[in-house]
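Here the structure is laid out as structure tokens; the discussion comes afterwards.
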């Protein structure tokens, strides 16, 4: 198992390198000149030339990339030319924010999606199944920004139950932190829960048609045990795959939800960085996103081991 | 018994939670929402309006301007010009200290002005006429200029007039914006990018008694609707940049007040005169002007909250040239002018529009107005950074709405756009007559003479139409109705002295 993990981590390094190279190249194709963004429309040609020189925008693409990658390897992600803040610490401050939001949204997704999916599979074709399917379709279809603004108007403006937006660290003020997280977690989790429910339902239906489920029932095992122990445990693999993939996506930043609820996470940072042509910040976030996916894929592999005894005996 | 205790515990816990949920911010704090994340909190590199919003709350300036753009004393309590207009002497206030305890003196002013003149400074062009700065005594600064400068005082009442602690300049250099220290009522505490900036009252500030708030928290909330919802829910006390289309809703809310601000600015359509095409012909530019109904744009796109205009200053400004009022829309005249220019209708015109909702709204209105006035207008909506690149390369036909957002001197809204060497002359307009007039405004230290020169320049701009002035923004602030004493500088930045929340 340990050897397997080391192998996967080592394989991630060239993946991250290739991702960073592709993103760096794509950024060069973006229309717009970062020197003009820094200097503004009123900057004289001399000032623009100086800015280009200062930030190395005149260097060939590969030279710019080499400078960036060598600095990153030394832990230096560069400085935002707009705010003069260091990008590394800025990103480090955003990771716990995004992680908190992603975890909360994931919890919402799992707590709603899995039970709803199981029940829809059990009562396939009946009222509950149809109701859950409609709810799932709505969850997927309703845009996050619309749902977010509607929730703000209802729960913050009219009822005054929750803060309209913002983020408070759990360690600074746990209660306020939970209060600020409720709405964004529901908004973000609703769409994920819908997908989770559909996957759980489909996986459960496949498993419940298997012979061992029929055998368990024939032996007179209680229906609850059949569903939870025999069927659900065997339906976990696709659910784990989806959950880890969803979590990886969330770690890369939930742009719209962060925007609507003014949460200073990774998604908001990357949007600002793209609009301001802050290539180094975009690169830093891209690396983080790549690393998050690699990590989640690793986590999925570990969970497969835990969930599937057959896999354990085969590999170990 | 055990069950009762358990119920009591639960009730107590719910009570504590409820109390916490209902907690409100300390009334001695101000929560102020900004629409954009400020750029560097350093005058040397600052460009964005929001950066200066924060700096204005934190820092005093050498001088201030009022709404009539009169120069008022600040850290410089008085000043005088030499007879030849080439030496400016500033008398500084005594006993003031920077927020880090460093004494404020003439040497600090000298260091800051020289820093703003350095290569790469965004302020270098503002004070290009400054030849030298001398600290004559701890409270006297002598500034020598290469030629008489009518706008130097305005620049000292703008970002150049913010003085940072020499200790911090030495320590942080170009990274000063990470933790700026100046002379002012509020000192920097922390900044979380894209989230908040927190300031706290500086007890050592010489005029601290005038400031009611112990703490000021700027929250960055880019979405207009969310910013307003936060204010309505009581999470904020004050916000900037209300979407004008929400003004009517806010006006009905007894808990809120709208505060419109009059600031020197304008929004235009820039016409590229350097590009082969119909816009090179003055008759077609006039036809385009005839196609536009500026008041309708203001009424529809901005719910009547802004002001229509056709010159670089608004019609109610003393600098407005009343001989050239806003022309009424006349589609028939527009078509006649197109025929006179020997062109076939419809004349195609592509407008480059920054991808911002209000800008797109204006673009769409111009498109609709052009349709029955002989034009076939198409909109090229792209993000702002891309418009900067395209216009810098001259790769556009027309661009708008665009223009300076704020200024405390007419030079800022006229010279860069209309002078042949101006940094924002993207229409590539070249008129020796205009150049002469604008250069004269820079050296005319007599205000009456300067005003006449600006009026002449205005008349020439109206005649040549390198840009079509459309309207003047009146930035809308919204505050809780409990907020009293709101006021701002002449260039439209909120000041907190005398402001309270009941």
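Protein chains in written order, with UniProt numbering: chain A, 1 to 316; chain B, 1 to 502.
For each residue, glycine too, the CB sits at the ideal point set by N, CA and C.
Any Cβ of chain A closer than 9 Å to the Cβ of residue 423 (chain B) would place that residue at the interface, and such an atom is present. A distance below 6 Å between beta-carbons, with the five flanking residues on each side excluded, links residue 152 (chain A) to the following residues of its chain, in chain order: 164. The CB of residue 50 (chain A) comes closer than 9 Å to the CB of 119, 120 in chain B, given here in chain order. Contact annotation: residue 234 (chain B) and residue 205 (chain B) have beta-carbon atoms that are not nearer than 9 Å. Cβ atoms of residue 387 (chain B) and residue 343 (chain B) stay farther apart than 8 Å, at about 27 Å. Within chain B, the C-beta atoms nearer than 7 Å to that of residue 85 (chain A) come from 178, 193, in chain order.
In the same chain as residue 133 (chain B), and ignoring 5 residues on each side of it, the C-beta atoms closer than 7 Å to its own belong to 110, 113, 114, 141, 143, in chain order.
Across the set A:267, A:307, A:47, the C-alpha of A:47 shows the shortest separation from the C-alpha of residue 124 (chain B). Residue 133 (chain A) is not bridged by DSSP to any residue.
Along the stretch 243-265 of chain A, going in chain order, the ones with a CB nearer than 7 Å to a CB of chain B are 259, 260, 262, 264. For residue 272 (chain A), the enclosing alpha helix (DSSP H) covers residues 266-275.
Judged by their CB atoms, residue 398 (chain B) and residue 292 (chain B) are not nearer to each other than the 9 Å cut-off.
With distances taken between CA atoms, residue 50 (chain B) lies nearest to B:219 out of B:487, B:219, B:314, B:396. Not flagged as an interface residue toward chain A: residue 130 (chain B), since no C-beta distance is shorter than 9 Å. If you check each beta-carbon in the stretch 376-393 of chain B against every beta-carbon of chain A, the ones closer than 8 Å belong to 382, 383, 384, 385, 386, 388, 389, 390, 391, 392. Under a criterion of Cβ atoms nearer than 9 Å, the residues of chain B adjacent to residue 54 (chain A) are, in order, 120.
Of all residues in the stretch 138-158 of chain A, the ones placed with a Cβ closer than 7 Å to any Cβ belonging to chain B are 149, 152, 153, 156, 157, in chain order. Counting the other Cβ atoms within 10 Å of the Cβ of residue 236 (chain A) gives 16 or more, which makes it buried. Ranked by how close their Cα comes to the Cα of residue 159 (chain B), the residues B:127, B:202, B:299 have B:127 in first place. Interface with chain B (9 Å Cβ-Cβ cutoff): residue 289 (chain A) is excluded. Taking residue 179 (chain B) as the centre and dropping the five residues before and after it, the same chain places the C-beta of 168, 172, 188 closer than 8 Å to its C-beta, in chain order. Chain A places no beta carbon closer than 9 Å to that of residue 401 (chain B), leaving this residue out of the contacts. Counting every other CB atom within 10 Å of its CB across the protein chains shown gives residue 272 (chain A) a total of 16 or more, marking it as buried. For residue 257 (chain A), same chain residues with a beta-carbon under 6 Å away, outside a window of 5 residues either side, are 144, 184, 187, 188 in chain order. Beyond the five residues adjoining it in sequence on each side, residue 255 (chain B) comes within less than 7 Å, by CB distance, of 480, 481 in the same chain, given in chain order. Judged by DSSP in its simplified three-state form, residue 313 (chain B) adopts coil rather than helix or strand.
Excluding sequence positions up to five before and after residue 159 (chain A), its CB lies less than 6 Å from no other CB in the same chain. Residues 262, 490 of the same chain have their beta carbon placed closer than 7 Å to that of residue 67 (chain B), with the five preceding and five following residues left out of the count. In this chain, the beta strand (DSSP E) harbouring residue 137 (chain B) covers 130-137. Per the coordinates, the alpha-carbon of residue 286 (chain B) lies some 41 Å from the alpha-carbon of residue 252 (chain B). Those residues of the stretch 216-242 of chain B placed with their C-beta closer than 8 Å to a C-beta in chain A are 219, 220, 221, 222, 223, 225, 226, 229, 230, 232, 233, 234, 235, ordered along the chain. Taking all protein chains shown into account, residue 73 (chain A) has fewer than 16 neighbouring C-beta atoms within 10 Å of its C-beta and is therefore exposed.
Taking a cut-off of 8 Å on C-beta distances, the stretch 113-129 of chain A touches the stretch 219-239 of chain A, as three or more cross pairs fall below it. Within chain B, 385, 388 have C-beta atoms less than 8 Å from the C-beta of residue 37 (chain A), given in sequence order.
In the structure shown, residue 432 (chain B) adopts helical secondary structure according to DSSP, grouped into three states. Residue 239 (chain B) and residue 57 (chain B) do not touch by the CB rule: their CB atoms are close to 14 Å apart, not below 8 Å.
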